[in-house]
Every structure is written in structure tokens, then in C-alpha cells.
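As given, the protein sequences belong to chains A and B, one line each in that order. With the first letter of the first sequence counted as 1, position 133 gets the number 133 in the numbering used here; the numbers rise by one all the way through. The numbering used here runs 282 ahead of the 1-based position in the second sequence. Heads up, the beta-carbon is just placed ideally off N, CA and C, and yes, glycines get one too. In this text, all values refer to a predicted model and were calculated from it rather than measured experimentally. Each remark here refers to the structure printed beneath this line.
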Amino acid sequence: MNAIEIHNLNKTYTTGTKALDDMTFTVNAGDFFGLLGANGAGKTTLIGILTGLVRTTSGTASIFDHDIITDPVHAKMSIGVVPQEFNFNIFEKVIDVLVTQAGYFGVPRKKALAKAERLLRDLDIWEKHNVPSRTLSGGMKRRLMIARALMHEPALLILDEPTAGVDIEMRRSMWKYLRELNNTGTTILLTTHNLEEAEQLCKNLAIIKQGRIIQQGSVSSLLSALEKRVYIISTAKGDEEITISKGGDLYALLQTYHARNIVVSDIRPKENRLEQLYMSLQ
Amino acid sequence: MKLPHYLISLQSIVRTEIIRFTRIWSQTLLPPVITQSLYFIIFGGFIGSQISDIKGVSYMAFLVPGLIMMGVINGAFQNVVSSVFGAKFMHSIEELLVSPTPNWVILFGYTLGGVLRGLLVGIIIFGVSAVFVHPQINHPWIVLLFALLTSTIFALGGFLNGIFAKKFDDVAIFPIFVLTPLTYFGGVFYSIDLLPSFWQTISKLNPILYIVDGFRYGFYSIADVPIFSSVIALLIFIVILSVINLTLLKKGVGMKQ
Ligand SMILES: Nc1ncnc2c1ncn2[C@@H]1O[C@H](COP(=O)(O)OP(=O)(O)O)[C@@H](O)[C@H]1O
Ligand SMILES: [Mg+2]
Numbered sequence: 001m002n003a004i005e006i007h008n009l010n011k012t013y014t015t016g017t018k019a020l021d022d023m024t025f026t027v028n029a030g031d032f033f034g035l036l037g038a039n040g041a042g043k044t045t046l047i048g049i050l051t052g053l054v055r056t057t058s059g060t061a062s063i064f065d066h067d068i069i070t071d072p073v074h075a076k077m078s079i080g081v082v083p084q085e086f087n088f089n090i091f092e093k094v095i096d097v098l099v100t101q102a103g104y105f106g107v108p109r110k111k112a113l114a115k116a117e118r119l120l121r122d123l124d125i126w127e128k129h130n131v132p133s134r135t136l137s138g139g140m141k142r143r144l145m146i147a148r149a150l151m152h153e154p155a156l157l158i159l160d161e162p163t164a165g166v167d168i169e170m171r172r173s174m175w176k177y178l179r180e181l182n183n184t185g186t187t188i189l190l191t192t193h194n195l196e197e198a199e200q201l202c203k204n205l206a207i208i209k210q211g212r213i214i215q216q217g218s219v220s221s222l223l224s225a226l227e228k229r230v231y232i233i234s235t236a237k238g239d240e241e242i243t244i245s246k247g248g249d250l251y252a253l254l255q256t257y258h259a260r261n262i263v264v265s266d267i268r269p270k271e272n273r274l275e276q277l278y279m280s281l282q
Numbered sequence: 283m284k285l286p287h288y289l290i291s292l293q294s295i296v297r298t299e300i301i302r303f304t305r306i307w308s309q310t311l312l313p314p315v316i317t318q319s320l321y322f323i324i325f326g327g328f329i330g331s332q333i334s335d336i337k338g339v340s341y342m343a344f345l346v347p348g349l350i351m352m353g354v355i356n357g358a359f360q361n362v363v364s365s366v367f368g369a370k371f372m373h374s375i376e377e378l379l380v381s382p383t384p385n386w387v388i389l390f391g392y393t394l395g396g397v398l399r400g401l402l403v404g405i406i407i408f409g410v411s412a413v414f415v416h417p418q419i420n421h422p423w424i425v426l427l428f429a430l431l432t433s434t435i436f437a438l439g440g441f442l443n444g445i446f447a448k449k450f451d452d453v454a455i456f457p458i459f460v461l462t463p464l465t466y467f468g469g470v471f472y473s474i475d476l477l478p479s480f481w482q483t484i485s486k487l488n489p490i491l492y493i494v495d496g497f498r499y500g501f502y503s504i505a506d507v508p509i510f511s512s513v514i515a516l517l518i519f520i521v522i523l524s525v526i527n528l529t530l531l532k533k534g535v536g537m538k539q
């Protein structure tokens with residue numbers, strides 16, 4: 001079963017901005033899927049649509065086979081979302097933020113209190129459970145939102161740039177936590193514009209630019225493609241494309257032409273689409 | 283989600299609302315006590331002593347139901363409009379919108395929050411009034427019915443205002459320019475019998491007149507207009523406001539992009 005299935009999804013805001021442009025992709029159950037893209041690429045819009053905060057212009061999306069428009073209750077039950085911006089009530093106590101959110105998902109109060117304690121302890125902010133949420137540090141607020149997303153034990157966790165503005169140590173511990181969560185069966189969709197994060201965490205990736213998926217595949221295949229260089233070599237017989245993996249020896253290659261008495265008149269790197277992408281993401 | 287889930291969700295919304303308005307009691311519960319006490323002292327005490335009884339009731343006693351209703355109306359309306367706007371402003375409304383909670387539960391929850399604050403304010407003002415005049419309630423059920431219907435209407439009105447509110451000013455416009463004038467002209471301070479017939483006719487276009495009048499009937503068995511038609515009118519208002527709110531919620535107006 002697919003955790004997420006998106007077909008020809010379009011979103012044009014009332015301002016006229018086309019944020020999603022005919023997007024189609026799927027995320028398998030159990031995957032740790034990364035959505036990589038620069039600011040303004042459309043990541044948050046896509047998450048908004050999946051979670052019911054943004055209306056679609058056209059196209060369909062489903063979560064574990066539940067269409068988000070025709071069966072929103074089941075679709076929403078399966079999702080826990082950690083948004084990009086803080087969006088809890090800053091006057092509420094930490095514990096109330098969690099228990100209230102669980103209540104919205106139908107989790108009884110007693111059960112929610114126990115679950116909240118477990119999550120806050122796991123995420124190392126239990127000592128703050130009784131303070132107003134506005135008094136937490138940035139990293140703690142982020143962890144509060146992760147805990148909140150997990151209160152109803154969703155099968156799919158969606159995180160929108162969860163480590164933006166989080167210090168390195170905290171980032172590593174969050175990565176560890178997410179990896180363990182994924183290992184125990186939770187499907188994860190994570191957006192980031194940080195390649196290291198994508199490489200560290202994700203199994204599969206889609207690179208999104210201006211609302212379109214421009215590249216997708218397993219992290220290893222995308223990365224190996226990134227590390228190859230393609231050269232165009234011109235000889236009397238015409239142009240020839242050759243690929244050299246990173247660390248490969250261009251000089252040794254030219255020697256083989258020489259040995260065959262072929263005169264190389266020009267050699268130039270072919271522009272590497274992925275590398276350009278990679279660069280444009282930084 | 284099944285019905286028990288919805289009830290848990292409803293409970294969460296209402297609980298959050300109660301925690302909110304009791305936490306900021308100095309902004310929600312204290313002001314009506316102070317203003318209404320001033321009305322009792324100045325209008326009821328200083329001025330009222332110069333005014334003859336209205337339909338056999340002392341002016342101070344005549345004021346009680348109207349002043350309570352003023353508090354109920356404002357309390358219910360303010361609670362919902364500021365809570366909905368606050369949730370939009372902080373984006374915490376998203377916690378509800380990403381959840382499977384259906385729109386009717388959201389509307390019901392916020393409305394109930396407003397009703398509870400309205401009733402609480404009403405009870406407090408009634409308590410204050412007992413300092414000034416011996417309490418008398420001839421028809422408790424009518425008093426309760428009018429308090430419930432009225433707070434429901436204005437809680438729903440507050441929700442509607444909250445949906446459209448984009449900035450803090452938008453929260454205050456309706457209460458200042460519509461609610462307050464209608465309340466003052468709604469027979470809180472006088473019986474419309476005292477007005478020339480032209481102004482009596484104009485006054486009858488004011489919905490708050492029926493509310494205050496019916497409520498006062500519950501206290502002293504005196505009324506300017508028939509109770510039954512007022513109740514029907516209030517029920518119709520509730521249905522209309524609910525339908526409008528639910529339609530807007532379904533469209534995501536003011537909430538979804
Ligand atoms: N509420 C909105 N109204 C109008 N345009 C928006 C809104 N939200 C986002 N956009 C625009 O849509 C595009 C995609 O934005 P977003 O989904 O936030 O991208 P990302 O999360 O990848 O940075 C951007 O051009 C952004 O300016
Ligand atoms: Mg974003």
C-alpha cells in the first residue's frame with residue numbers, strides 16, 4: 001500500500017502564484033521520503049494540501065488509500081504533522097498542547113496524559129510539561145511539535161523543515177529519534193533544503209523546483225549520479241560523451257585515445273543537470 | 283471517527299475555552315462586574331430614585347434583567363470572536379483543521395465556550411444585583427431559556443465575526459458599532475411604552491428588544507411583546523447563523539488558503 005499517492009496536483013493561490021504544477025508521485029508505506037527543494041519550491045503548500053490546510057486547485061491526493069477530499073476523516077487520522085512555523089497556542093501549558101491535540105483526534109484524556117508523558121520524556125522536555133509553551137526555547141518548541149504530531153500514533157509523520165534553525169547537537173539527536181521512529185514502522189515524509197539531512201535520513205528523494213518534481217529516486221542512485229562527471233570529447237569522428245566517476249582519471253582516459261592514434265581536438269565538461277540542481281538548492 | 287471520538291474532541295475544545303476565559307478572568311469576568319455595578323449605582327440608585335415604578339416594578343429592579351442580558355450578550359460574543367481570531371492569529375486553529383474533527387463539532391465547541399462564559403457573566407451580574415435589589419424570578423425556566431438562546435445566538439455571531447476578522451480592529455468593530463447601540467436601544471433602560479409610537483415601531487426592528495423583553499418577563503411577568511413569538515424568532519436566528527457558519531467553514535473562508 002502507498003502511504004501517499006498524488007496525481008496531477010495543482011495549486012494556484014488567489015494571488016495568482018502557481019505553487020504546485022501538475023505534481024505526481026507516490027511514497028511507499030514504511031519509506032523515509034525526502035522532499036528536497038529551495039525556498040518557495042512548493043514544499044509547504046504540498047504539505048498544507050495533504051493535511052487539509054490548503055485547498056487544491058485540481059488533482060487528487062490520498063493517504064493510505066483514503067482520498068483527502070472524499071474521505072478526510074480517515075486520511076487525517078493517519079497523519080501527524082510538524083509544521084514549519086510554530087503554531088501552538090503560546091499561552092497553553094506544554095502538557096495541555098499535547099492532550100488537547102490528542103483530544104481533537106479522539107484520544108481520551110487519560111490515555112493522552114500517559115502518552116504525552118512518554119513522548120515528552122523520550123524527547124527530553126518532560127521537565128517543562130507544566131510551563132506555558134511560549135517559555136520554551138526554539139529547539140524545545142520544535143520537539144513539542146514533534147510530540148504533538150505523534151500523540152495519536154499516526155502511521156505517517158510529515159515534517160516540514162524540522163531542523164531549520166536547530167543547533168547541530170540537537171539536530172543529530174532529532175535525526176536519531178526520527179530514524180528509530182521510521183525503523184519501528186512509521187512512514188516519514190520530510191522536507192528540507194539541507195542535502196546532508198536528506199542524505200543522512202532519507203531512503204528516497206524527490207527534488208522539487210517551482211512546484212514540479214524534477215528528479216526522483218533512491219538516495220543512493222541520486223547521489224551516485226551526482227558524483228559522476230560527463231565530458232564531451234571531440235575527435236575527427238565527431239563528439240563522444242564519456243562518464244568518469246568522481247576521482248576517475250581524465251588523463252589516463254586521454255592516454256587511451258592517444259594509444260589508438262585518435263586526435264582529441266577538444267574536451268569540455270557536459271553540464272551536469274543534477275549537479276546544477278544540487279547547486280541551485282544551496 | 284465515531285460519536286464518542288467527536289465527544290472527546292468537543293470536550294477538548296470546550297475545556298480549552300474554559301481554561302482560556304478563566305485564565306484571563308481580569309479581562310473576561312471582572313469588567314462586566316465593574317460596569318454593571320456602575321449602572322446599578324448611577325442609573326438604579328442615583329437616577330432611579332427619581333423615577334416612578336414601571337409596570338409596578340421599581341426602576342432598579344426593572345434594570346436587573348437588561349443589565350444581566352447585556353453582560354450575557356457581550357460575554358458570549360466576545361469570547362468566541364477573540365478566541366477564534368486569537369487561534370487564527372497564532373495559527374493554533376491549524377491544530378483543529380488538521381484533525382478529523384468535523385466542522386459542526388468545531389462550531390458547537392466554540393459556541394458552547396461562548397455560552398458558558400455568557401451564562402457565567404450573567405450569574406455573576408445577578409449576584410451583584412442582589413446587593414442593590416431583592417432578587418425576584420417568577421419564571422426560572424423562561425429566564426434560563428432566554429439566557430441560553432441569547433448566548434447561543436451571540437456566540438454564533440462571534441464565530442462569524444471571527445471567521446472574517448483579519449486584524450485586531452476587526453474584532454472590535456461589530457461590538458462597538460452594532461452590538462452596543464442595539465443593546466442601549468433594546469429596552470435595557472426603559473420600557474418602549476414610554477416612547478412615541480413612531481419610535482416604538484422603529485424599536486420593534488431591534489432583535490435585542492425581544493431578548494431583553496422576554497428575559498424581563500421571566501423575572502417580573504411584565505412584557506412589551508409576546509414571549510412565544512420571541513422564542514421562535516430566536517430559534518430561527520440560531521438556525522440561520524449556524525447554517526452560515528457551517529457553509530463558511532466548509533468553504534474554508536478565513537481559515538484555509
Ligand atoms: N498563502 C499564500 N498565498 C499566496 N502565495 C503563497 C502562499 N503560501 C505560499 N505562497 C507562494 O507559493 C510558493 C510556494 O511556497 P511554499 O509552498 O511555502 O514553498 P516552500 O515551502 O518550498 O518554501 C511561493 O512562491 C510562495 O510565495
Ligand atoms: Mg516551506
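For residue i, the first and last residue of its enclosing alpha helix (DSSP H)
{"i": "L394(B)", "result": "N385 to F414"}
{"i": "D96(A)", "result": "V94 to Y104"}
{"i": "S294(B)", "result": "L285 to R305"}
Contact set between residue i and chain A, taken where Cβ atoms lie within less than 9 Å
{"i": "M372(B)", "result": "F86, N87, F88, N89, I90 and F91"}
{"i": "I445(B)", "result": "Near I445(B) there are no residues of chain A at all, since even the closest Cβ is about 15 Å away, more than 9 Å."}
Residues that residue i contacts on chain B, provided the C-beta gap is smaller than 7 Å
{"i": "G48(A)", "result": "Q539"}
{"i": "V131(A)", "result": "Correct list: empty, because the minimum Cβ distance to chain B is about 14 Å."}
Spatially closest choice to residue i from the options, by CA coordinates
{"i": "Y466(B)", "options": "F328(B), I350(B), L289(B) and E376(B)", "result": "I350(B)"}
{"i": "V263(A)", "options": "T187(A), I244(A), P269(A) and G238(A)", "result": "G238(A)"}
{"i": "M342(B)", "options": "T393(B), V415(B), Y288(B) and M537(B)", "result": "V415(B)"}
{"i": "A38(A)", "options": "T44(A), K209(A), G217(A) and I79(A)", "result": "K209(A)"}
{"i": "I419(B)", "options": "F497(B), L389(B), F359(B) and T434(B)", "result": "F497(B)"}
{"i": "E397(B)", "options": "I435(B), P417(B), F371(B) and E376(B)", "result": "Note that residue 397(B) is Val in the sequence shown here, rather than Glu. V397(B) has its Cα closest to that of I435(B), out of I435(B), P417(B), F371(B) and E376(B)."}
{"i": "N356(B)", "options": "V380(B), Q293(B) and L312(B)", "result": "L312(B)"}
{"i": "L289(B)", "options": "P108(A), G40(A), I125(A) and L50(A)", "result": "P108(A)"}
{"i": "G468(B)", "options": "F450(B), Y492(B), F459(B) and L379(B)", "result": "Y492(B)"}
{"i": "F318(B)", "options": "T432(B), I295(B) and G409(B)", "result": "Per the sequence shown, the amino acid found at residue 318(B) is Gln instead of Phe. Measuring from the Cα of Q318(B), the nearest candidate turns out to be G409(B)."}
{"i": "L144(A)", "options": "I232(A), T184(A) and L120(A)", "result": "L120(A)"}
{"i": "V507(B)", "options": "E299(B), P489(B), I520(B) and P286(B)", "result": "P489(B)"}
{"i": "G338(B)", "options": "V380(B), S291(B) and A505(B)", "result": "A505(B)"}
Minimum Cβ-Cβ distance from residue i to chain B less than 9 Å
{"i": "V81(A)", "result": "yes"}
{"i": "Y13(A)", "result": "yes"}
{"i": "Q215(A)", "result": "no"}
{"i": "G52(A)", "result": "yes"}
{"i": "T163(A)", "result": "no"}
{"i": "T186(A)", "result": "no"}
{"i": "K43(A)", "result": "no"}
{"i": "Q282(A)", "result": "A caution first: Q282(A) carries a pLDDT of 49, below 50, which makes its placement in the model unreliable, though a value can still be read off. Cβ-Cβ to chain B under 9 Å: no for Q282(A)."}
{"i": "K237(A)", "result": "no"}
{"i": "V94(A)", "result": "no"}
{"i": "T100(A)", "result": "yes"}
CB contact check: residue i to chain A, cutoff 9 Å
{"i": "L487(B)", "result": "no"}
{"i": "L379(B)", "result": "yes"}
{"i": "A369(B)", "result": "yes"}
{"i": "I300(B)", "result": "no"}
{"i": "T383(B)", "result": "yes"}
{"i": "R399(B)", "result": "no"}
{"i": "R498(B)", "result": "no"}
{"i": "H287(B)", "result": "yes"}
{"i": "L531(B)", "result": "no"}
Supposed contact pair residue j and residue i - C-beta distance, whole angstroms, cut 8 Å
{"i": "V99(A)", "j": "F88(A)", "result": "The Cβ separation is near 12 Å, so there is no contact."}
{"i": "P314(B)", "j": "V494(B)", "result": "Going by Cβ atoms, the distance from P314(B) to V494(B) rounds to 16 Å, so no, they are not a contact pair."}
{"i": "S78(A)", "j": "L156(A)", "result": "5 Å"}
{"i": "F544(B)", "j": "V425(B)", "result": "Residue 544(B) lies beyond the stretch modelled for chain B, which goes from 283 to 539, so this question has no answer here."}
{"i": "L345(B)", "j": "T393(B)", "result": "With 8 Å as the limit, L345(B) and T393(B) do not qualify as a contact, their Cβ atoms being about 28 Å apart."}
{"i": "V403(B)", "j": "V354(B)", "result": "6 Å"}
Delimiting residues of the beta strand (DSSP E) encompassing residue i
{"i": "E364(B)", "result": "Per the sequence presented here, residue 364(B) reads as Ser, with Glu not at that position. S364(B) -> not in any beta strand (DSSP E); alpha helix (DSSP H) instead, spanning Y341 to M372."}
{"i": "I267(A)", "result": "V264 to P269"}
{"i": "K209(A)", "result": "N204 to K209"}
{"i": "T192(A)", "result": "T187 to T192"}
{"i": "T17(A)", "result": "Segment: none, T17(A) is in no beta strand (DSSP E) and carries neither H nor E."}
Within chain B, partners of residue i - CB distance below 8 Å
{"i": "R55(A)", "result": "G534, K538 and Q539"}
{"i": "V107(A)", "result": "I290"}
7 Å Cβ cut-off: residues of chain A touching residue i
{"i": "Q293(B)", "result": "G103"}
Neighbouring residues, chain B, relative to residue i (Cβ below 9 Å)
{"i": "M145(A)", "result": "Those within 9 Å of M145(A) in chain B number zero; the least Cβ separation is about 10 Å."}
{"i": "P154(A)", "result": "By Cβ distance, chain B contributes nothing, its closest Cβ being about 10 Å from P154(A), past 9 Å."}
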